[in-house]
Structures are given as structure tokens and as C-alpha cells.
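In our numbering, the protein residues as written are 7 to 181.
Okay, structure coming up:
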């Protein structure tokens, strides 16, 4: 079995067109039912670490005892948190699209900063929990960065890795 498993939180109860990252939003799916489905796909001696965001932590706790690490939180969109994308000035959306790794929303962080903290957390937890397999329960952004680094992809490639809600992804990697 793989030494590293990545799992995105369940679907959230957020209206379409709302920008949310670090905001703690409600779930639209039952984490206990998802955990029951996934449990058979995971090794018994698994170490679990989760983003402290409730949408991740509720699923992680349903899978077993876990630790939390704030470095696994989703990107901080700053002033854009819980705003409608239609209400964000088009010039800012265009600037973000032109430099997706290095654009900083007002009061927020860049995708590169989020990726650096998330990949550092994954490295630290793999070292701390080895030789046990590790499950990281987090958000789309951090999981893309962790998977991209594990697969040695360029940032432009990992930005677009698909991570569906409540999708378990085993990774075979040596770092």
C-alpha cells in the first residue's frame, strides 16, 4: 500500500459563485457516511493529520484519531472570503488569472505561499509518522500542491490537478 494518502473534505453548503478558502463553512454531506465508505480503502495502522477547518476535521475524526496542522488550511483569500466572484473587480480577477501562483488577493496570501506551507507540513508529518502510512485530510489547494510536489510536477501543472470532494488519492512517493 501507499505511504501517503490524500483526502479532500466533503462537499460544502456554499452557494455557487461564492469565493471561499480559509472560511469555515458548513458541509453539504455527512462525513460519517463518507468515512464508512473510505475506511475499507485505508490501512489499519494509519496516522491521520487534518486541516483544523471543520469541513476537514469532521471527516478526519470520523476516520479515527487525528492531529491537526494549520499549515494544511486552504488558501487565505483575504478580503475576498465569502464574497461573490461577480462582486470582485474584474481587473483583480484578471490579475489573478495572469499570475495564479503569485497574485495576492487584498489581505490574503499567494498560492505559492499556501503551497510552501502545505508541502512543508506534508514533509514534516511523513517524517514524524514514518514508517506508518499517513492520511492528510485537507482542501483542494494544499492537496494539489502536495500531490504536485510528490509527483515532481511544475507548479503550473499541479495547479490544475483534479481533487474531487471526498476523493481518496493514494500516492506512491519517496519524499
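For every residue, glycine included, the Cβ atom is placed at its ideal position computed from N, Cα and C.
message: The beta strand (DSSP E) that contains residue 176, what's its start and end?
response: Residue 176 sits at position 170 when you count from the first residue of the chain shown. It spans 174 to 177 - the beta strand (DSSP E) in which residue 176 sits, taken as one unbroken run.
field: Same chain, Cβ closer than 8 Å to residue 115, neighbours up to 5 away in sequence not counted
entry: Against the chain shown, residue 115 aligns to sequence position 109. 81, 82, 84, listed in sequence order.
field: One or two residues paired with residue 144 in a DSSP bridge
entry: If you number the chain shown from 1, residue 144 lands on position 138. The bridge partners DSSP lists for residue 144 are 14.
task: Kindly identify the DSSP beta-bridge partner or partners of residue 73.
output: Numbered from its first residue, the chain shown carries residue 73 at position 67. Its beta-bridge partners are 55.
message: Buried or exposed for residue 7, going by 16 or more other Cβ atoms inside 10 Å?
response: On the chain shown, residue 7 is found 1 positions in, with the first residue counted as 1. Low confidence applies to residue 7: its pLDDT is 41, below 50, so where it sits in the model is not reliable, and the reading given next is rough at best. Answer is exposed; the Cβ neighbour count stays below 16.
message: Taking the beta carbon of residue 147 as the centre, do at least 16 other beta carbons fall within 10 Å, making it buried, or is it exposed?
response: Stepping through the chain shown from its first residue, residue 147 is reached at position 141. Per the 10 Å Cβ criterion, buried.
field: Residues near residue 53 in its chain [Cβ-Cβ closer than 6 Å; skip 5 each side]
entry: Position 47 of the chain shown, counted from the first residue, corresponds to residue 53. 135, 138, 140.
field: Per DSSP, cross-strand counterpart(s) of residue 33
entry: Mapped onto the chain shown, residue 33 falls at position 27. Answer by DSSP bridge pairing, in chain order: 18.
query: By DSSP, does residue 81 sit in helix, in strand, or in coil?
result: Along the chain shown, read from residue 1 onward, the residue named residue 81 stands at position 75. DSSP places residue 81 in coil when its eight states are reduced to three.
field: Whole-angstrom distance between residue 42 and residue 48, CA atom to CA atom
entry: Looking up residue 48 in the chain shown gives position 42. Looking up residue 42 in the chain shown gives position 36. If you take the alpha carbons of residue 48 and residue 42, they lie about 11 Å apart.
field: Distance CB(residue 174)-CB(residue 11) smaller than 8 Å
entry: If you number the chain shown from 1, residue 174 lands on position 168. If you number the chain shown from 1, residue 11 lands on position 5. Yes, Cβ-Cβ distance for residue 174 and residue 11 is below 8 Å.
task: Would you identify the three-state DSSP class for residue 138, choosing helix, strand or coil?
output: Here residue 138 refers to the residue found at position 132 when the chain shown is read from its first residue. Looking at residue 138 - three-state DSSP - the assignment turns out to be coil, as it is neither helix nor strand.
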